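Chemist: Here it is, the structure, as structure tokens.
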Amino acid sequence: MAKNQKVVPEAKKGLEQFKYEVANEIGVQVPTTGYWGNMTSKECGSVGGYMVKKMVEAYERNLAGK
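Read in order, the letters of the sequence shown are residues -13 to 52 in my numbering.
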């Protein structure tokens, strides 16, 4: 499998939107161009880490039936 390939390609647009929502939520200034290369590794990592945290949270709620 190629690196960073989506398991469900149809989710790409939703994941992209989720990334911007999370960045806004944690106060990371998001680029308007869509190019994240000027951001620090710390900023990008915090966005990715928080995304994973929220996805795990949602999955756990789903398992609990809430």
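Yeah, the Cβ is synthetic: ideal placement off N, Cα and C, and Gly gets one too.
Being a predicted model, the structure only gives us computed values, none of them experimental.
Taking the alpha carbon of Met55 as the reference point, which residue from Thr26, Met25 and Glu11 has its own alpha carbon closest?
Modeler: With the chain running from -13 to 52 in the structure shown, residue 55 is simply not present.
Chemist: Hey, quick one: how far does the alpha helix (DSSP H) through Glu(-4) stretch, first residue to last?
Modeler: It is not in any alpha helix (DSSP H) - Glu(-4) carries neither H nor E in the DSSP assignment.
Chemist: State the CB to CB distance for the pair Val33 and Ala9, rounded to an integer number of angstroms; the pair is presumed to be in contact (CB under 8 Å).
Modeler: The C-beta distance from Val33 to Ala9 rounds to 5 Å, short enough to meet the 8 Å contact threshold.
Chemist: Measuring straight from C-alpha to C-alpha, what distance separates Lys5 and Val16?
Modeler: 10 Å
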